[in-house]
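Report on the following structure.
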Amino acid sequence: MKIAFSPASPYVRKVMACAVARGIDGQIEKWVIPTTDAALIPVNPLSKVPTLVLDDGKTLFDSPVICEYLDSLGSAKPLFPAAGPARWAALRQQAIGDGILDASQPRRREIALPQDEGRIGYIQLQQGKVKHCLDDLEKDAASLSKLDTIGEIAIACALGYLDFRFAHEPWRPGHPKLEAWYASVVNMPALVKTAPVA
Numbered sequence: 003m004k005i006a007f008s009p010a011s012p013y014v015r016k017v018m019a020c021a022v023a024r025g026i027d028g029q030i031e032k033w034v035i036p037t038t039d040a041a042l043i044p045v046n047p048l049s050k051v052p053t054l055v056l057d058d059g060k061t062l063f064d065s066p067v068i069c070e071y072l073d074s075l076g077s078a079k080p081l082f083p084a085a086g087p088a089r090w091a092a093l094r095q096q097a098i099g100d101g102i103l104d105a106s107q108p109r110r111r112e113i114a115l116p117q118d119e120g121r122i123g124y125i126q127l128q129q130g131k132v133k134h135c136l137d138d139l140e141k142d143a144a145s146l147s148k149l150d151t152i153g154e155i156a157i158a159c160a161l162g163y164l165d166f167r168f169a170h171e172p173w174r175p176g177h178p179k180l181e182a183w184y185a186s187v188v189n190m191p192a193l194v195k196t197a198p199v200a
């Protein structure tokens with residue numbers, strides 16, 4: 003199988019971090035491609051990364067779908083818990099991690115454009131979403147473990163993206179528990195092997 007890959011994409015990073023955690027990253031060929039390349043349209047009508055092309059030619063896209071597929075491969079402990087409270091907690095955490103990315107990625111493009119009242123308002127709205135997510139994670143930081151679930155991987159990738167693209171807006175002040183948790187996982191293989199490249 004191969005993955006349409008952009009080395010700076012946090013969504014691709016999340017997928018590859020899952021693959022590393024599952025011990026199957028060596029089975030995935032990286033198809034390095036610009037994030038909006040027309041070559042993706044035949045395999046993904048959304049023409050975006052990540053897109054996973056399976057050995058039979060079928061494709062999967064959107065990081066939650068790809069991560070759940072990868073979790074069905076190999077023999078490592080599942081990242082998606084079985085039905086019940088643990089599963090809902092992990093999926094909620096994944097939604098928060100993805101939400102931070104969803105609010106951050108478009109903001110990078112907006113900052114580069116001429117600023118008017120509407121654009122400034124949009125940027126502030128997205129900044130507020132990130133702050134609220136960080137505050138929520140700070141309250142629950144004690145429940146986080148060592149990248150054992152999809153939720154924890156998504157959160158770690160989101161915090162890494164904030165460091166990568168928004169270092170001028172540090173997230174650590176006011177979030178000491180979350181900072182301590184991130185420091186405890188940032189050097190784990192799933193994150194080290196998938197560190198973004200500008």
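Per the numbering used here, residue 3 is the first one in the sequence shown, and the count goes up by one each step.
Every residue, glycine too, gets a C-beta built ideally from N, C-alpha and C.
From a predicted model like this one, the values you see are computed outputs, not experimental measurements.
Determine the contact status of residue i and residue j, defining contact as a CB-CB distance below 7 Å.
i, j, result
"ARG89", "PRO83", "yes"
"LEU75", "ILE26", "yes"
"LYS179", "GLU140", "yes"
"PRO52", "CYS159", "no"
"LYS2", "VAL55", "Since the first residue of the chain shown is 3 and the last is 200, residue 2 is not available in this structure."
"ALA105", "GLN126", "no"
"HIS177", "LEU146", "no"
"GLN96", "ALA156", "yes"
"ALA132", "ILE102", "The sequence given here places Val at residue 132; Ala does not occur at that position. Yes, they are a contact pair."
"LEU93", "ARG24", "no"
"VAL17", "SER8", "no"
"ALA6", "PRO198", "no"
"VAL22", "LYS195", "yes"
May I ask you to list the residues that DSSP assigns as paired with residue i?
i, result
"VAL67", "Per DSSP, none; premise fails for VAL67."
"LEU62", "LEU54"
"LYS32", "ILE5"
Can you tell me the Cα-Cα spacing of residue i and residue j, whole angstroms?
i, j, result
"GLU70", "CYS20", "9 Å"
"GLY59", "ILE30", "14 Å"
"ALA192", "LYS148", "11 Å"
"LYS50", "ARG111", "16 Å"
"ASP64", "LEU42", "13 Å"
"TYR184", "LEU161", "8 Å"
Let's see if you can read the secondary structure: which residues bound the alpha helix (DSSP H) around residue i?
i, result
"VAL210", "An answer regarding residue 210 cannot be provided, because it is not within the stretch 3 to 200 covered by the chain."
"VAL194", "191-194"
How is the beta strand (DSSP E) around residue i delimited, first residue to last?
i, result
"ALA6", "4-7"
Enumerated in chain order, which unbroken segments of the alpha helix (DSSP H) with a length of 4 residues or greater are wholly contained in the region 126-177?
-> If we require 4 residues or more, the alpha helix (DSSP H) runs fully inside the region 126-177 come out as 152-167.
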